[in-house]
Amino acid sequence: MHNIGILQLTQNLDDAVHGFKSGLTGQDLAVEFHYVNADGALHDLPQLAGKLAKQKVDLIFACSTPAAQAAVALAGNIPVVFTPVFDPVGAGLVKTMDKPGGKATGMAGMVPAAAKAAFIRELLPSANNIGILYHSGDSNALLEISNFKQAAAGLFSLVELPADKAEDLSVLADRLPPNLDALFLPIGRVIEENFASVAYYAEAANLPIITSHAPNVPAGALGALVANHFELGRACGAQAAQILAGAEPGNIPVGIVEHPEIQLNTFVAANLGIELSPSLLVKAKEVFE
Amino acid sequence: MLLTRQSVELLAPVGTWEVLEAAITAGADAVYLGGKRFNMRLHRTDTNFDDKKLTQAITYAHARNVRLYVTVNNLISEREIPGVRDYLKFLNEIQPDALIVQDLAILELAREINLTVPLHASVMMNTHNEHTIKALMDYGITRVVTNRELTLSQLSLLRERTGVELEYFIHGDMCAAHSGQCFHSGVVFGQSSNRGRCLKPCRWPYQLVDTLTGQAVAAKDPGPYKLALKDMCMYTALPQLIQSGVCSFKIEGRMRTADFVSRIVRLYRKALDRYIADPNGYTFDATDWQELYEYRSRDFSTCYALGNPGASSIGYTGEREPRFFSQAVKEAGVTGSAAVLVPNTGSDNPSLRLRPALAVRVADLASLTSAFANGADIAYIGGEAFAPGKPWSLEDIKAAVKLADDRQVQVIVTTPRITMEREAGELEQLFAGLETLKPHGLMVSNSGMLRLAKQTSSLSIQTDFSFNLFNHLTAAWLKDNGASKATISLEATYEQITELAKHSPLPLEMIIHGAIEAMVLDHCIPSAIMAGTATHPCHDLCSNRHYSLLDSAGERHDIKIDQYCRNHILFAKDLCLLPHLAALMQAGIVNYRIEGQHYSSELVGIITAAYRAELDKLAAGDTYVFDKTIIDRIAGPRQLGIGAFRYRVSR
Chain A
1017 MHNIGILQLT QNLDDAVHGF KSGLTGQDLA VEFHYVNADG ALHDLPQLAG KLAKQKVDLI
1077 FACSTPAAQA AVALAGNIPV VFTPVFDPVG AGLVKTMDKP GGKATGMAGM VPAAAKAAFI
1137 RELLPSANNI GILYHSGDSN ALLEISNFKQ AAAGLFSLVE LPADKAEDLS VLADRLPPNL
1197 DALFLPIGRV IEENFASVAY YAEAANLPII TSHAPNVPAG ALGALVANHF ELGRACGAQA
1257 AQILAGAEPG NIPVGIVEHP EIQLNTFVAA NLGIELSPSL LVKAKEVFE
Chain B
27 MLLTRQSVEL LAPVGTWEVL EAAITAGADA VYLGGKRFNM RLHRTDTNFD DKKLTQAITY
87 AHARNVRLYV TVNNLISERE IPGVRDYLKF LNEIQPDALI VQDLAILELA REINLTVPLH
147 ASVMMNTHNE HTIKALMDYG ITRVVTNREL TLSQLSLLRE RTGVELEYFI HGDMCAAHSG
207 QCFHSGVVFG QSSNRGRCLK PCRWPYQLVD TLTGQAVAAK DPGPYKLALK DMCMYTALPQ
267 LIQSGVCSFK IEGRMRTADF VSRIVRLYRK ALDRYIADPN GYTFDATDWQ ELYEYRSRDF
327 STCYALGNPG ASSIGYTGER EPRFFSQAVK EAGVTGSAAV LVPNTGSDNP SLRLRPALAV
387 RVADLASLTS AFANGADIAY IGGEAFAPGK PWSLEDIKAA VKLADDRQVQ VIVTTPRITM
447 EREAGELEQL FAGLETLKPH GLMVSNSGML RLAKQTSSLS IQTDFSFNLF NHLTAAWLKD
507 NGASKATISL EATYEQITEL AKHSPLPLEM IIHGAIEAMV LDHCIPSAIM AGTATHPCHD
567 LCSNRHYSLL DSAGERHDIK IDQYCRNHIL FAKDLCLLPH LAALMQAGIV NYRIEGQHYS
627 SELVGIITAA YRAELDKLAA GDTYVFDKTI IDRIAGPRQL GIGAFRYRVS R
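Chains as they are written, first to last, in this note's numbering: chain A, 1017 to 1305; chain B, 27 to 677.
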């Protein structure tokens, strides 16, 4: 019997947990899961990781970057499998993607920037000026912007709109340049948590939003190209099975998102008078109405 | 009364199957959960049960002797009614132990389809007095989830006087404002808290400023989160709670995890069982309390259960705020980018040929005179009086009726929005007094006062916006219960108003201009911040100064304090639908209202005259073009806005 700890930050990542369980169940292993969830409270993660360590788990599945960092920071040698961490190297979880080198591996969650740029081009064929609204204190956002700027060079002209703290979103309307065609939101906690205010101003300015955070789509973004958390979790399940069979996590390469999914909101499209191409609608994994 | 495990029900929130199992394993006597439809908590669609899962959940709970309540607790828009009817029929087949409902339309539908599932009144139903409870009991409500502003002793009284089962929140996240009466999210964002989409403006940071100078007023500001109520926690006061006669102890949090819910259920279960087994020998368990406290989200308060908690119930620093939903935004202005609604041409709507009635709510006799002199057909007086104004005495009402009779117009006496037992007693006396003064009608604000007015007064009765009227079945309920006119919800969008107007069995009135209240609170913000207490009443802080909350978008929300010390927080911009009158006439609205109680008598006159002139032009049927310069002419000290009207399509 293997004891597996699951350390989760929020319910937003439930799909990853379900995928992980399904990935492990398929491996014909006897496992017992010990599940803890910080319910959004970052400061509770070290304590919850410690609780799993006390239960003598053989491995921890950590959902989100802060959860993975809390699990890796535990004393001792409990292997950690993580997802959907954006930047495993930058977050200090692994040395390199191919050869993690320590006690952690997993599946990175970032959709390649080139794929996102191409998605925006297909979604909004005539868009030229794109505003990037991002949380300037979030390292994931900074990484995504850097990648996106490279990928979008030649496709769009970009305007950076940094937000340092949540209250900055209150005056977003005053900061939007007049000639924008769309807003792109990289991943980042402050923007995601206060998305309603961004959507409010974007609607008033007739601006479509393309987001990196899937729950923003039903809440008012026009579309997103996002990782399937269930699939990422399932791949983590396979990595965990390798580790339980004796492999070193440090030798298992970190996986990347290979088949990102399109999500669209037709309600928002109608409100903004945007016609979604039939080919895009067919390709979409989810269409919110 | 001897206690049993049946007389104290521990009621747990459930969002997923995993939480259902965890809550029941931890010892819940009952659980409540939502289906995919007509349910609050719509931010997260995955924390609700589909029809098949609902059926399975009932079987699962009943096999373990646990009761299961389904929340059907949204306000219902006109076009949703057929779906609700089907859903209720489905629920009647699968037989949960009760439905928790908000919209009065459900009471109508329950009769229509012979629903046999018991109904519980949601906390959103504005229930504070025995008359409301009796009105609901007439329609088969067997249990009331009471407002959180009621104390345990008030609950005991209600229980004694009505015999209804009372359900009370004992743990979790609470609103700062009276639930069901908070319109901030709905009017500003088009995402109504009464329809499960609250964006929690009460958790924004605010500065308390002097309304006149705009300067900060607190010498020692305790922190920016001035409305951020701490989480309710009754663990420390369980004996008082149990002895109050509340029969169901409700834990809040249908979006919470299994871990979170099962810990709270387990700890309360243990304490409840120990108390029931040996109340005299019961002692507080410090270890269990420590566990509950360690895993708290926010800090804890007993909120209103043991009396007004004042400053002690607010987590000013926001350190433990688990997550946010929005940040303050600039409210939509009347001259902004939002398009003016344009009616279809070529309609032969008969209402266009009627002269529309214009009503104005006023604070004093000077404003009443000004309103009548400038074309008002009706003046509303009474209800809340905002400092430094005085309540309407019987002498004042008599003078107002005389003024109206002389001009052959009407005076209608209104009642406060929140009516606890004290106010209900005062109103009973007022209604008796009005029999000789003979005003032209009464306007009531909750179903209890509707019932009381119907039973004790000969005057005609209408209902105010606080009934959250969204659909014609609710209007039918109001009519059945004695109303002759009703006010449309402040949160309804143009499309919803049009649909409602087509089907309503009652004449409808719509509020089109004025200083509108976003929230009403029993919490006094200035006294909590400046005196650090709830000294109640202080008779001091609001006698010669006015206060506002300044948000991070730079918007100022004035705080108006009434004679009961309740705080009414206004939107930053006053509603102004003058440019939309043509479209509203087209929709069939013939009764219009200006909320002028916060205006000077001069401004009341100017605004009344402007609306009267535009309505008359429209009614004359000539080609109508709206003159934008009128907006400048009716401008007062506060900016004008358009509320929910900015939404092209409603949710």
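Positions of the beta carbon are idealized from the N, C-alpha and C atoms, including for glycine.
DSSP lists A:Ile1022 as the bridge partner or partners of tyrosine 1051 of chain A. Pairwise C-beta distances place the stretch 340 to 353 of chain B in contact with the stretch 1049 to 1058 of chain A, as three or more of them are shorter than 8 Å. The stretch 616 to 634 of chain B and the stretch 397 to 415 of chain B touch, with three or more beta-carbon pairs separated by less than 8 Å. Taken through DSSP and simplified to helix, strand or coil, valine 1206 of chain A comes out as helix. Within chain A, the residues placing a beta-carbon under 7 Å from that of leucine 225 of chain B are Ala1212, ordered along the chain.
Non-local beta-carbon contacts of proline 1234 of chain A in its own chain, meaning distances under 8 Å to residues more than five positions away in sequence, involve Asn1281, Phe1304 in chain order. A buried status is given to arginine 185 of chain B, since no fewer than 16 other beta-carbon atoms sit within 10 Å of its beta-carbon.
Remark: C-beta atoms of methionine 1123 of chain A and leucine 1248 of chain A approach each other more closely than 8 Å.
Straight-line spacing of the CA atoms in leucine 456 of chain B and serine 211 of chain B works out to 35 Å.
A:Ser1155 is the residue among A:Ala1218, A:Ser1155, A:Ala1215, A:Lys1165 whose C-alpha sits nearest the C-alpha of glycine 1204 of chain A. Contacts with chain B at 8 Å (Cβ-Cβ) do not include glutamate 1277 of chain A. At least one CB atom of chain B sits nearer than 8 Å to the CB of aspartate 1055 of chain A. In the structure shown, serine 578 of chain B adopts coil according to DSSP, grouped into three states. Nearest to proline 335 of chain B by alpha-carbon distance, out of B:Lys256, B:Ala358, B:Ser182, is B:Lys256.
Nearest neighbour of leucine 1061 of chain A by Cα position, chosen from A:Ile1094, A:Ala1215, A:Ile1022, A:Leu1296, turns out to be A:Ile1022.
For leucine 1185 of chain A, the chain B residues whose C-beta falls within less than 7 Å of its own C-beta are Gln353, listed in chain order. For proline 39 of chain B, the enclosing beta strand (DSSP E) has its first and last residue at 35 to 39. When C-beta atoms of the stretch 1253 to 1273 of chain A are compared with those of the stretch 1025 to 1038 of chain A, three or more pairs fall below 8 Å, so the two segments count as touching.
When Cβ-Cβ separations below 8 Å define contact, proline 39 of chain B makes no contact with chain A. With a threshold of 16 other beta carbon atoms within 10 Å, isoleucine 1148 of chain A meets it and is buried. Pairing valine 1127 of chain A with leucine 1238 of chain A gives a Cβ-Cβ distance that is not under 8 Å. As a beta-bridge residue in DSSP terms, isoleucine 404 of chain B pairs with B:Ala385, B:Gln436. Distance from the CA of lysine 464 of chain B to the CA of leucine 485 of chain B, rounded to the nearest whole angstrom, comes to 8 Å. Contact check for phenylalanine 1164 of chain A against proline 1202 of chain A passes: the beta carbons are separated by less than 8 Å. Runs of beta strand (DSSP E) with 3 or more residues, each lying fully within the stretch 502 to 565 of chain B, are found at 509 to 513, 534 to 540, 543 to 547, listed in chain order. When Cβ-Cβ separations below 8 Å define contact, threonine 283 of chain B makes contact with chain A. By the neighbour-count criterion, in which 16 or more other beta carbons inside 10 Å mark a residue as buried, aspartate 584 of chain B falls on the buried side.
Rounded to the nearest angstrom, the Cβ distance from tyrosine 330 of chain B to arginine 174 of chain B is 6 Å, consistent with a contact under 8 Å. Listed in chain order, the alpha helix (DSSP H) runs fully inside the stretch 1106 to 1158 of chain A are 1129 to 1139, counting runs of at least 4 residues. In the three-state DSSP reduction, alanine 147 of chain B falls in the strand class (E or B).
Fully enclosed alpha helix (DSSP H) runs of no fewer than 4 residues occupy 447 to 463, 473 to 482 of the stretch 434 to 489 of chain B, in order along the chain. Spatial neighbours of aspartate 325 of chain B in its own chain (CB-CB distance under 8 Å, excluding positions within 5 residues in sequence) are listed in chain order as Lys256, Asp257, Gly341, Arg346. DSSP places threonine 1081 of chain A in the uninterrupted alpha helix (DSSP H) bounded by 1081 to 1088.
Burial check for serine 1293 of chain A: the Cβ neighbour count within 10 Å stays below 16, so the residue is exposed. The straight-line gap separating the alpha-carbon atoms of serine 323 of chain B and aspartate 653 of chain B is approximately 53 Å.
Considering only B:Gln665, B:Ser33, B:Leu28, B:Thr42, the residue with the shortest C-alpha distance to alanine 358 of chain B is B:Gln665.
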